[in-house]
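The next block holds one structure in the form of structure tokens; read it before the comments.
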Amino acid sequence: MIQGFFDRCGGILADDMGLGKTLMTLCFLSYLKVKERVPGPALVVVPLSCAGNWLREARKFVPHLSIAKVCGNSKEKSLSLDDNEIWFGMKDIIVTTYETVANIENYFGRMFWKAVILDEAHRAKNSASRIREALEETQSACRVLLTGTPLQNSLKELHALLKFLWPDVLAKQSEATELGSPDLLSHATGSFRSFSLIFPLLQQHATEAVKPTKFRAADV
Numbered sequence: 044m045i046q047g048f049f050d051r052c053g054g055i056l057a058d059d060m061g062l063g064k065t066l067m068t069l070c071f072l073s074y075l076k077v078k079e080r081v082p083g084p085a086l087v088v089v090p091l092s093c094a095g096n097w098l099r100e101a102r103k104f105v106p107h108l109s110i111a112k113v114c115g116n117s118k119e120k121s122l123s124l125d126d127n128e129i130w131f132g133m134k135d136i137i138v139t140t141y142e143t144v145a146n147i148e149n150y151f152g153r154m155f156w157k158a159v160i161l162d163e164a165h166r167a168k169n170s171a172s173r174i175r176e177a178l179e180e181t182q183s184a185c186r187v188l189l190t191g192t193p194l195q196n197s198l199k200e201l202h203a204l205l206k207f208l209w210p211d212v213l214a215k216q217s218e219a220t221e222l223g224s225p226d227l228l229s230h231a232t233g234s235f236r237s238f239s240l241i242f243p244l245l246q247q248h249a250t251e252a253v254k255p256t257k258f259r260a261a262d263v
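Numbering (the working numbering), first residue to last: 44 to 263.
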């Protein structure tokens, strides 16, 4: 993730659920501020059900980072945006939801974020959705996707996520058609070409691979 930030290419953290994607991301943001002294806020976009967990984890593990939530009902969002530290980007982390980004684009689009991080990033795979359009208006030094399922149904959906990471590189619609075409899916060489795009920026661990080893007393 750190290398992806400085290379300006972002990345995909695709560890299985429960392996600490939230904590790893918070450590990444802490490193940028404490070690590299990178200024500016980071935007973390999450499903509403995950917002509370992000706040708790941040306050527990990175209490030196200031964090605020911009989501909820209309009154809660208005109160948040009335806070000068939030409006002028003085917080280290802003946690919001996909729906909120779509509803108040004027705030999220006007700020320059040091990182835009999407939790459960498959929520942004529909390139034609209002949520996706609002996310693409955000400006940042890098973009990071957190998802346990980077490839769900088709290579075209995967391409939509990669296009969010690399909007300039994968801007041509012809590439989307090529990646999602039946001809490509039916050829091993084409599939290899598609996945070769991902490997440099994908980090993934399976639950089975990181389970602690159990020893019997007789083996010790």
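Don't be surprised by glycine CBs; every beta carbon is placed ideally from N, CA and C.
Bear in mind that the values here come from a model prediction, so they are computed numbers and not experimental data.
- Under the three-state reduction of DSSP output, F155 falls in the strand class.
- Within the DSSP secondary-structure output, A111 pairs in a beta bridge with I137.
- In this structure V89 does not touch E142 by the C-beta definition: roughly 11 Å separates them, more than the 8 Å allowed.
- S183 is the residue among N169, N146, S183 whose C-alpha sits nearest the C-alpha of I160.
- One thing to note: S170 has its Cβ within 9 Å of the Cβ of K206.
- Within the same chain, L69, L108, I110, I136 come within 7 Å of A101 by CB-CB distance, once the 5 residues on both sides are set aside.
- The beta carbon of Y74 sits closer than 7 Å to the beta carbons of I45 from its chain, once the five residues preceding and following it are set aside; these are given in chain order.
- In the assembly as shown, P106 is an exposed residue. Its beta-carbon has fewer than 16 other beta-carbons within 10 Å.
- Beta bridge pairing from DSSP links G54 with V187.
- According to DSSP, residue pairing for A85 in a beta bridge involves I136, A158.
- Taking A177 as reference, the option from N149, W130, L208, K64 with the minimal CA-CA separation is N149.
- Distance check between H165 and each of N146, L56, R99, L124 places L56 closest, using alpha-carbon atoms only.
- Taking the Cβ atoms as the reference, L86 lies roughly 5 Å from W156, within the contact range of under 8 Å.
- Where T65 is concerned, the enclosing alpha helix (DSSP H) starts and stops at 64-77.
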